[in-house]
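Reviewing the structure listed below.
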Amino acid sequence: MSFSEQIVPSPTSAEQLPLWKQEGAEPFLRIENVTKNFGEFKAVDNISLDIYKKELFCLLGGSGSGKSTLLRMLAGFETPTSGRILIDGVDMAGIQPWERPVNMMFQSYALFPHLSVADNVAFGLKREGVAKAEIKKRVAEMLDMVQLGHLGKRKPHQLSGGQRQRVALARALIKRPKLLLLDEPLGALDKKLREETQFELINIQEELGVTFVVVTHDQEEAMTLATRIGVMNQGIIVQTDEPHDVYEYPNSKFVADFIGSVNMFEGKVIQDEPDSVQIDSKEAGTTLFVNHGISCSPDQVVNVAIRPEKIRISKKEPEKGVNCIQGIIEEIAYMGSLSVFRVRLASGKEVRVTQPNFTRSMGDRFTWNDAVFLHWDEDSSVVLTS
Amino acid sequence: MSMSLGSAVMDRMAAKLQKYNFVKKINWGRAVVAGIPTFWLGLFFFVPFLVVFKISLTEAAIAIPPYSELLEWDLEEAYISIKINLGNYLFLFEDDFYLDAYLSSVKIAVLSTFFTLLVAFPIAYAIAKSDGSTRVLLLALVILPFWTSFLLRVYAWMEFLKKNGIVNEFLLTIGVIDEPLIMLQTDFAVYIGIVYTYLPFMVLPLYSALEKMDGTLLEAAQDLGSKPTQSFFLVTLPLAMPGVIAGCVLVFIPAVGEFVIPALLGGADTLMIGRVLWDEFFLNRDWPMASAVAIVMLVVLVLPIMLIRNSQGKGEAV
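Quick mapping for you: the protein sequence lines, in order, are chains A and B.
Counting from 1 along the first sequence, just add 6 to a position and that's the residue number in this note's numbering.
Counting from 1 along the second sequence, just add 728 to a position and that's the residue number in this note's numbering.
Right, dumping it as structure tokens:
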């Protein structure tokens, strides 16, 4: 049992639980021990994953982590070397891309340059042999939904990046797929547009009730969009959890480091009790207290991870002396909404601290070479054993 | 709206100013670069064309050169006479022979262009889809035949296709046929010759069109429910169209006027305008008639090209 499950308060009734927490819930998409080799290279290494109906699941990972390969296997463009993929209970082995109840939104959008926006969107329906009047109606509806109703006659090259992205989404959704795969859906948009589109994407997903699997390398995107995130590294899913849990309770150094920024103190476990643990860290120069238990062997070397925004910084020594370390401010970055401090400890370790800028005045601000105390609560940090 | 109108007016003014500047200050670099090919075309295409056109309006005569003078003058007698003979052109339309030759040429050219397209498309596709070093090698192989004389290669085909040639020998040996097939001196041999000779002119523009195509478009088509063959006709072919048109023009034009291939590989009944032209010049020594044949052939070729160019221009403007 992982500690994250211990800490999340248990809900009162089963109805409140999302599908992935219910015992015995039927997964909509089941990935069973799927491996994909390209020659010697293991792109996807024995992944098993269940995704439930109406989920917006994000596969998050760096380049070469295998996330795109996994997505392409779901679409049918790659065949697993071993393992099974079941969509709505049907084994997808041997089922061609054009026969799958799955549509994909490509990273490059892959809009047909020779067809108008409306014809691009209608493409999938025409292949199904839907009646002309019906096609016209559904295309108009879909274009209205993505707010492109007035641009149906344009060619893709006459659209802006954001508009192309919507066309790609409309084209992928028009066949009402059971499962929509999105490859870096917002990757080509600029920051502002990306933030707007994120929420639009969530709205559309909730409105249509389609299951989304999104591949992205952008942790912020994953955090905003996802019901659950699967963090991938070197062909393996390292952690699958809700965004909050992935951030607050990373299960490994990799996840903690990949999502957000984190300070890590290496140390030796000196006391390990069911609900607390003490770690003697040379890097921190003190004993660190964490209020959750871990399963480890005595004297094991572990890492205590603490997010920069959970560290408090003060010039005076705090009253409660737990998890308190001293250092000197080496660098300050003022970023408007918050300030980032880099504090050097006596051990030479550098600690990153962020603080919201509560007031406008510069009066009591910290400055370079200030000697400061850094401290945090016992439940702010987590122990990482791997 | 008013903004764009305003900017349009500005653009026009800028263009006028530029014109004005150009009169004042000639851009010599541009003038030279544009001037050399223009001069070349004028000297070696347009002037000869006018000469041929002039000859086509004269009458054949037993003289050197073997045609009547278009323009005659005598300064002492103070007269200038222009004698235009339209008889050659009229005769072209009167005698079915010429019409048949034109039609047969166009037919052979159309069919062989189509066959060339069929052969070239898979080749171009394979090259466009191959990677790095293989692609360079394959492209080199396509161009390699140009390193040997065209005439030599046509003679090689005669060796292949003749009655006791390599193809017949092979088919006889493996027992597919009992007696040699007659392939040489037939239209079949002409088609083979044209398809073989002009293949690179079709492969290269097709390749450059297909190479630009984004492979994910085909995946998108499949993802939306179209089978590979459907995807080909709905996505690949429309996107390759500029290459198809360019390749077809490059093959069709020389094929219509082709002389060597029908002369060497074709039979006596292979009627092509290139041969008619040759015969008029060198057998009948009827230069005016031959010139008229050449001029009409040019018109037959130029009209469709201009139509294609026009339609392409419109397509890009949209």
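Cβ atoms here follow ideal geometry from the backbone N, Cα and C, with glycine treated the same way.
All figures in this text were calculated on a predicted structure; none of them were measured in a lab.
Looking at C-alpha atoms only, which residue of the options is the closest neighbour of residue i?
i: B/Leu993; options: B/Thr786, B/Cys976 and B/Tyr924; result: B/Tyr924
i: B/Thr841; options: B/Ile894, B/Ser1019, B/Val972 and B/Leu1035; result: B/Val972
i: B/Phe878; options: B/Phe849, B/Ala759 and B/Tyr926; result: B/Tyr926
i: A/Glu323; options: A/Asn52, A/Gly333 and A/Lys316; result: A/Gly333
i: B/Val834; options: B/Asn1038, B/Val1027 and B/Arg1037; result: B/Val1027
i: A/Asp263; options: A/Gln277, A/Pro280 and A/Gln245; result: A/Gln245
i: A/Ile180; options: A/Met229, A/Met151, A/Lys197 and A/Gln204; result: A/Met151
i: A/Cys302; options: A/Gly291, A/Ile317, A/Ile285 and A/Thr292; result: A/Ile285
i: B/Ala934; options: B/Val1030, B/Val847, B/Gly770 and B/Asn755; result: The question names Ala, but residue 934 of chain B in the sequence shown is Leu. Comparing Cα-Cα distances from B/Leu934 to each of B/Val1030, B/Val847, B/Gly770 and B/Asn755, the minimum goes to B/Val847.
i: A/Lys60; options: A/Gly155, A/Phe218, A/Phe47 and A/Arg366; result: A/Phe218
i: B/Ala969; options: A/His120, A/Met110, A/Lys42 and A/Leu76; result: Looking at the sequence shown, residue 969 of chain B is not Ala but Met. For the residues A/His120, A/Met110, A/Lys42 and A/Leu76, the minimum Cα distance to B/Met969 belongs to A/His120.
i: B/Ser796; options: B/Glu787, B/Leu803, B/Asp802 and B/Leu1029; result: B/Glu787
i: B/Pro928; options: B/Phe888, B/Pro908, B/Leu952 and B/Leu866; result: B/Leu866
i: A/Val350; options: A/Gly291, A/Lys142, A/Lys42 and A/Pro362; result: It is worth fixing the name first, because residue 350 of chain A is Arg in this sequence and not Val. Ranking A/Gly291, A/Lys142, A/Lys42 and A/Pro362 by Cα distance to A/Arg350 puts A/Gly291 first.
i: A/Glu227; options: A/Lys259, A/Tyr255, A/Ser258 and A/Pro191; result: A/Pro191
i: A/Val40; options: A/Leu23, A/Glu32, A/Leu80 and A/Pro24; result: A/Leu80
i: A/Pro249; options: A/Thr233, A/Ser258 and A/Met148; result: A/Thr233
Can residue i and residue j be called in contact, C-beta distance under 9 angstroms?
i: A/Gly273; j: A/Ser287; result: yes
i: B/Leu785; j: B/Leu798; result: yes
i: A/Asn239; j: A/Ser74; result: no
i: A/Asn329; j: A/Phe372; result: no
i: B/Thr964; j: B/Leu978; result: no
i: A/Val220; j: A/Cys64; result: yes
i: A/Val237; j: A/Val252; result: yes
i: A/Ile91; j: A/Ile242; result: no
i: A/Val308; j: A/Val275; result: yes
i: A/Leu35; j: A/Leu55; result: yes
i: B/Met911; j: B/Thr844; result: no
i: A/Leu185; j: A/Pro107; result: yes
i: B/Ala917; j: B/Trp885; result: yes
i: A/Glu279; j: A/Gly299; result: yes
i: A/Thr222; j: A/Gly193; result: yes
i: B/Gly1002; j: B/Gly985; result: yes
i: A/Pro314; j: A/Val283; result: no
i: B/Ile1023; j: B/Val780; result: yes
i: A/Gly155; j: A/Leu195; result: no
i: A/Ile317; j: A/Ser386; result: yes
i: B/Leu831; j: B/Ala1020; result: no
i: A/Met270; j: A/Ile331; result: no
i: B/Glu800; j: B/Ile808; result: yes
i: A/Tyr58; j: A/Pro103; result: no
Measure how close the beta-carbons of residue i and residue j come, nearest whole angstrom, since I'm counting them as under 8 angstroms.
i: A/Ala124; j: A/Val145; result: 5 angstroms
i: A/Ile235; j: A/Asp247; result: 7 angstroms
i: B/Gly943; j: B/Val882; result: Not really, about 39 angstroms apart at Cβ, beyond 8 angstroms.
i: A/Glu38; j: A/Gly89; result: 5 angstroms
i: A/Val359; j: A/Val310; result: Contact doesn't hold; Cβ gap of about 15 angstroms is too wide.
i: A/Trp374; j: A/Ile338; result: 7 angstroms
i: B/Ala852; j: B/Leu967; result: Between B/Leu967 and B/Ala852 the Cβ distance is about 13 angstroms, and since that is not below 8 angstroms, they are no contact.
i: B/Pro990; j: B/Ile783; result: Not confirmed; about 24 angstroms, so no contact.
i: A/Lys42; j: A/Pro86; result: 6 angstroms
Kindly list, in the order they appear in chain E, the residues whose Cβ is closer than 8 angstroms to that of residue i.
i: A/Asn109; result: The structure shown contains no chain E; its protein chains are A and B.
Could you run through the segment 954 to 983 of chain B and flag, in chain order, every residue whose CB is less than 9 angstroms away from some CB of chain A? Ser954, Lys955, Pro956, Gln958, Ser959, Leu962, Val963, Pro966, Leu967 and Met969
> Taking any Cβ of chain B, which residues in the segment 120 to 134 of chain A have a Cβ under 7 angstroms from it, in chain order?
Replying inline: His120, Phe129, Gly130, Arg133 and Glu134
For the segment 207 to 225 of chain A against the segment 25 to 32 of chain A, are there 3 or more C-beta pairs whose distance is under 8 angstroms? no
Between the segment 952 to 960 of chain B and the segment 870 to 877 of chain B, do three or more beta carbon pairs fall short of 8 angstroms? no
Tell me which residues of the segment 930 to 947 of chain B have at least one Cβ-Cβ distance to chain A shorter than 8 angstroms, keeping chain order. Asp942, Thr944, Leu945 and Glu947
Checklist entry - Are three or more beta carbon pairs between the segment 151 to 162 of chain A and the segment 980 to 991 of chain B nearer than 8 angstroms? => result no
At least 3 beta-carbon pairs within less than 8 angstroms: the segment 889 to 903 of chain B vs the segment 820 to 836 of chain B:
no
Item to complete: Tell me, please, whether the segment 172 to 187 of chain A touches the segment 95 to 103 of chain A by the rule of three or more beta-carbon pairs shorter than 8 angstroms.
Response: no
Legend entry - Residues, ordered as in the chain, of the segment 73 to 107 of chain A that lie near chain B by beta-carbon distance below 7 angstroms: Ala81, Phe83, Pro103 and Trp104
Short of 9 angstroms Cβ to Cβ, which residues in the segment 181 to 206 of chain A face chain B?
Lys181 and Leu187
Contact set between the segment 855 to 866 of chain B and chain A, restricted to residues whose Cβ is under 9 angstroms from the partner: none
Short-range partners of chain A found in the segment 996 to 1025 of chain B, where Cβ spacing is below 7 angstroms:
none
Could you list the residues in the segment 59 to 70 of chain A with a C-beta less than 9 angstroms from some C-beta on chain B, going in chain order?
-> none
(message) Beta carbons nearer than 7 angstroms to chain B: which residues of the segment 132 to 166 of chain A have them?
(response) Arg133 and Glu134
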